[in-house]
Amino acid sequence: MQEEISRRGFTILDTAGSNHLSCFICGRRREKLYVAPSKSIAFAYKYLGLVIKTHARLCSRHLINDNSEIRESEFINIHSTRRYFPHETVRMFDLFCKFLNLEETPTIFEPFKNLNTLNEFHCKQITSWTVSEFIRFSSYLTSWKKSDGRDKDEIIALYRYYMKKGLTQATVAILRGNTSQREISRYLEQMRHCINQDFVPYFIGIVNRNREFFLSHQTPTCKIIFKLSDEILVLLADG
Ligand SMILES: [Zn+2]
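Residue 23 in our numbering sits at position 38 of the sequence shown, with consecutive numbering throughout.
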């Protein structure tokens, strides 16, 4: 790796590689490329310390539906190099950032990212569970791998709300914001898999039911055919 040499009067910043002809995120050459949205350029500098040049171009698939912003999950895929910027320019960048207000309106799922501050009423409204019920359920799901954009508790809340309200995935994507229908589909599938693996085995299956439960489901037919008493349990194996 080339060693960075400090230059008098210059600051080194991570800078996204870009040109007019190809997408600066995936590198593809396309006929139709969009100019990087200003809001995302500001966001990248303020929160990620990354410079995206104003002439950078990208494909529409990295943008949210109205093309006004780059999806947050895409920032991780941006290749950057270290570039020199005059101190004065960087001071100006920093100064503008101080007055830049990019705060988003929190989505209905965001409060679940911090269970310590989660409000009881909100939890009930979204998941139909109390906070302690929510925490209990969440503690079962140990195989969930946290990664950018998919906090376990937020996705549990999203999954519950999706099931409870019978919404379409596209609607859930709008509610979550900055998310595509395909991403929602993937989150739901991952959550379903996680619940099936970590939660279901504790509550469903033969080991979780007693003898009386199975006796109560026995139909009179088999008792009559085989002349069995009420205490005899019949199991049919079809193979
Ligand atoms: Zn692209």
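Glycine included, C-beta positions come from ideal geometry on N, C-alpha and C.
Note that this is a predicted model, so its numbers are computed, not measured.
Annotation note: the region -7 to 37 contains the following uninterrupted alpha helix (DSSP H) runs of length 4 or greater, listed N- to C-terminal: 23 to 33. According to DSSP, Y69 shares a beta bridge with I(-3). I55 has its alpha-carbon roughly 33 angstroms from the corresponding atom of I120. A distance criterion of 6 angstroms places the beta-carbon of I10 in contact range of ligand 1, judged by its closest non-hydrogen atom.
Taking the Cα positions, A158 is about 21 angstroms away from F28.
Relative to ligand 1, the nearest heavy atom lies less than 6 angstroms away from the CB of R13.
The Cβ neighbour count for L143, taken over all protein chains shown within 10 Å, is at least 16; the residue is labelled buried.
Closest in C-alpha terms to G34, from the list T66, G12, L18, comes T66. Going by DSSP, D223 is part of no alpha helix (DSSP H) at all; its letter is neither H nor E. If you look at R167, you'll find it in the alpha helix (DSSP H) that goes 166 to 183. For C8, the CB contacts under 7 angstroms within the same chain, skipping 5 residues up- and downstream, are R15, L18, R42, L43, C44 in chain order.
If you look at L100, you'll find it isn't in any alpha helix (DSSP H); DSSP assigns it neither H nor E. For C108, the Cβ stays outside the 6 angstroms cut-off from all heavy atoms of ligand 1. In the three-state reduction of the DSSP assignment, L48 falls in the strand class, which pools E and B. Under the three-state reduction of DSSP, R194 is assigned to coil, being neither helix nor strand.
Going by beta carbons, W129 and C179 fall inside the 7 angstroms limit. For L152, no alpha helix (DSSP H) encloses it, and the DSSP letter there is neither H nor E. Each residue's CA atom was taken as its position, placing E174 and I217 some 41 angstroms apart. Burial check for R194: the Cβ neighbour count within 10 Å stays below 16, so the residue is exposed. For R121, the enclosing alpha helix (DSSP H) has its first and last residue at 116 to 125.
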